[in-house]
Amino acid sequence: MSTITFDAVSHAFGERQVLRGIDLRLTEHRIGIVGANGSGKSTLVRMINGLVAPSSGTVSVDGLDVAKKAREVRRLVGFIFTNPDNQIVMPTVQEDIAFTLRRRGLSAEEITQRTTAALHRFGLAGHADHPAHLLSGGQKQLLALAAVLVADPKVLVADEPTTLLDARNARHIGDLLRSMSQQVIVVTHQFALLEGFDRVIVIEHGAVVADGVPEDSLDAYRALLA
Amino acid sequence: MIGLYSPGRSVVHRAPTLLKLVLLSVGVVVIGVLQQPWQLAVAALVVLTLFVIARIPPRAAVAQIAPILWMLVIVVPIQGLLAGWLVAGLMAGRLITAVALAALFTLTTTVTSVLEAFQRMLRPFGRWIDADRIGLLVALTIRCIPLVTEIVTEVLEARRARGTRGSVMALAVPVVVRSLYAADALGEALVARGLDD
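As you go down the protein sequences, you meet chains F and B in turn. Going by the UniProt record's numbering, the first residue of the first sequence is number 1, and it counts up by one from there. Going by the UniProt record's numbering, the first residue of the second sequence is number 1, and it counts up by one from there.
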């Protein structure tokens, strides 16, 4: 697993302080992050692949400072957003998956091979030439996952990947996330998604207020909500 | 080209995209200068044969041509009265045949192939033009059409639900705001997918 380090990380959007002095070392296989809306959890995970640069402190992935080596880090860290519509670039399913690889300078043969494998792995083979925007919400999130994982990142960060999905699709995405060999970091409000996770971190008002095994952290979070 | 591609392995599908683009351009020009009904009939037969070779489902083919028919319903009678029915018929025939030929290109060519063809065409000008960026720009433009359509549809529904059906502001403001948010999110996703270099 990769080692992701937050060292005295703080961040503010204008006057609003979003994160305050975060120190974390993430080495576990599956890590969950929970917290209320606006608590700073999405900002925290966006820092892992440099989508947000901290106002102070450093974030590193396997020793690479994200602020200085963002391009290298993004090859290690894949990112899934809440709304898959916003990350689909190409008109058809197959083309969108291949798009990630085309930017990596791979041969046409390897692109086809890896794209086909990803289509089968995520149950999208029957939709290969279908317009991506006509897929169901669950299929779009599967496409988003396929398009990221086809590049074989070491870490997958998912920011509320099941929020827009129905229960069945949410369970399917959860099962997929649990079955991955990659290190997985998931931001969620759905506790069921964190079943079988190794560690859960609770963020409140930009600070870590609980950090440990899922049972303990979720109990602490429930107590906060009560 | 948004989702129009009709998958297949025919010779029309497999033909090089640049060749198809050149033939499409030449074909449309030739169709445009045809003066005799029999010449136009031959051209239409050639296009029809290509559709058959490409095994395009009739419904997909008709769907491509149907949108121009309403225009012909208006234009042909006017042209017929002013310039004669032969001229009007030739004009309609030319238009339908040319549109069908263009539709054949979009039905048998993936967006990726078109982008690659454009990038190949632009590569000699690499000193002045970034072909990959142009390709990405075209891809994003195509991708954004259904995205914006969805936003407009949702805003129209919301406007109806709130009983503000006639208000232009109630349509324009949320569409612009949501489009800007969507553009921002798409940009962030592109960066996350490593497209910032």
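We treat Cβ as the ideally placed atom computed from N, Cα and C, and that holds for glycine.
Pairwise C-alpha distance: residue j and residue i
i: Tyr5 (chain B); j: Ala54 (chain B); result: 12 Å
i: Asp198 (chain F); j: Val152 (chain B); result: 43 Å
i: Gln182 (chain F); j: Val46 (chain B); result: 54 Å
i: Ala192 (chain B); j: Leu51 (chain F); result: 7 Å
i: residue 238 (chain F); j: Gly123 (chain F); result: With chain F covering only 1 through 226, there is no way to say anything about residue 238 (chain F).
i: Ser179 (chain B); j: Val66 (chain F); result: 29 Å
i: Gly105 (chain F); j: Glu15 (chain F); result: 42 Å
i: Val184 (chain F); j: Asp175 (chain F); result: 12 Å
i: His11 (chain F); j: Gly135 (chain B); result: 36 Å
i: His29 (chain F); j: Val61 (chain F); result: 14 Å
i: Gly187 (chain B); j: Leu140 (chain B); result: 10 Å
i: Pro58 (chain B); j: Ala100 (chain B); result: 12 Å
i: Ala146 (chain F); j: Leu119 (chain F); result: 7 Å
i: Arg94 (chain B); j: Leu48 (chain B); result: 14 Å
i: Thr5 (chain F); j: Ala185 (chain B); result: 26 Å
i: Leu50 (chain B); j: Pro7 (chain B); result: 15 Å
i: Val28 (chain B); j: Thr109 (chain B); result: 17 Å
i: residue 220 (chain B); j: Val148 (chain B); result: Since the displayed chain B opens at 1 and closes at 197, residue 220 (chain B) lies outside it and no answer follows.
i: Arg143 (chain B); j: Leu21 (chain B); result: 21 Å
i: Arg127 (chain B); j: Ser113 (chain B); result: 23 Å
i: Ala63 (chain B); j: Arg20 (chain F); result: 57 Å
i: Asp23 (chain F); j: Asp7 (chain F); result: 5 Å
i: Met180 (chain F); j: Ala151 (chain F); result: 14 Å
i: Met1 (chain F); j: Arg71 (chain F); result: 20 Å
Residue i vs residue j beta-carbon contact at 8 Å
i: Ile111 (chain F); j: Leu101 (chain F); result: yes
i: Val186 (chain F); j: Leu177 (chain F); result: yes
i: Pro84 (chain F); j: Pro131 (chain F); result: no
i: Phe9 (chain F); j: Tyr221 (chain F); result: Strictly speaking, residue 9 (chain F) in this sequence is Val, with Phe absent from that position. No, Cβ-Cβ distance for Val9 (chain F) and Tyr221 (chain F) is not below 8 Å.
i: Val93 (chain F); j: Leu44 (chain F); result: no
i: Leu19 (chain B); j: Ala102 (chain B); result: no
i: Glu195 (chain F); j: Ala36 (chain F); result: no
i: Thr97 (chain B); j: Ala60 (chain B); result: no
i: Ile56 (chain B); j: Leu107 (chain B); result: yes
i: Gly194 (chain B); j: Arg114 (chain F); result: no
i: Gly40 (chain F); j: Val200 (chain F); result: no
i: Ala117 (chain B); j: Thr17 (chain B); result: yes
i: His133 (chain F); j: Pro146 (chain B); result: yes
Chain F contact residues for residue i, given Cβ-Cβ distances below 9 Å
i: Val175 (chain B); result: Within chain F, no residue comes near Val175 (chain B); the closest Cβ sits about 15 Å away, beyond 9 Å.
i: Pro67 (chain B); result: The premise fails here: Pro67 (chain B) is roughly 18 Å from chain F at the closest Cβ pair, so nothing lies under 9 Å.
Partner residues on chain B for residue i, Cβ-Cβ distance less than 9 Å
i: Val89 (chain F); result: Leu136, Ala139, Leu140, Arg143, Leu186, Ala189, Leu190, Arg193 and Leu195
i: Thr112 (chain F); result: Within 9 Å Cβ-Cβ: nothing; Thr112 (chain F) doesn't reach chain B, min ~11 Å.
Any non-hydrogen atom of the ligand HEM closer than 7 Å to residue i Cβ
i: Thr108 (chain B); result: For the ligand HEM, the structure offers nothing, since it holds no ligand at all.
Interface partners of residue i on chain F, CB under 8 Å
i: Ala15 (chain B); result: Correct list: empty, because the minimum Cβ distance to chain F is about 17 Å.
i: residue 207 (chain B); result: Not covered by the structure: residue 207 (chain B). The range shown for chain B is 1 to 197.
Within chain B, the residues that residue i reaches when beta carbons sit closer than 8 Å
i: Glu95 (chain F); result: Thr110, Val111 and Thr112
i: Phe81 (chain F); result: Ala185, Glu188, Ala189 and Ala192
Within chain F, the residues that residue i reaches when beta carbons sit closer than 7 Å
i: Pro7 (chain B); result: Asp129
i: Ala182 (chain B); result: Asn86
Partners in chain B for residue i, counting only beta-carbon separations shorter than 7 Å
i: Asn49 (chain F); result: Ala192
Against chain F: residues of the region 138 to 161 of chain B by CB proximity under 8 Å
Ala139, Leu140, Ile142, Arg143, Pro146, Leu147 and Glu150
Near-chain B residues of the region 52 to 66 of chain F - C-beta to any C-beta below 7 Å
none
Members of the region 101 to 127 of chain B that neighbour chain F once the beta carbon cut-off is set at 7 Å
So the close ones are Thr110, Val111 and Thr112.
State whether the region 155 to 172 of chain B contacts the region 37 to 48 of chain F, with contact taken as three or more CB pairs (one from each stretch) at a distance under 8 Å.
Cβ pair count under 8 Å is below three, so no.
Stretch pair the region 86 to 96 of chain B + the region 210 to 218 of chain F: three plus CB contacts closer than 8 Å
no
May I ask you to verify whether the region 68 to 80 of chain B touches the region 120 to 129 of chain B, counting CB pairs closer than 8 Å and requiring at least 3?
Because the criterion of three Cβ pairs below 8 Å is not met, the region 68 to 80 of chain B and the region 120 to 129 of chain B do not touch.
How do the region 132 to 139 of chain F and the region 156 to 166 of chain F stand: do at least 3 beta-carbon pairs fall below 8 Å, yes or no?
Touching, per the Cβ criterion.
Please list, in chain order, the residues of the region 29 to 42 of chain F that have any C-beta partner in chain B closer than 8 Å.
So the list is empty, because no residue satisfies the distance condition.
Does the region 80 to 87 of chain F come into contact with the region 146 to 165 of chain F, if we say contact requires no fewer than three beta-carbon pairs (one atom in each stretch) closer than 8 Å?
yes
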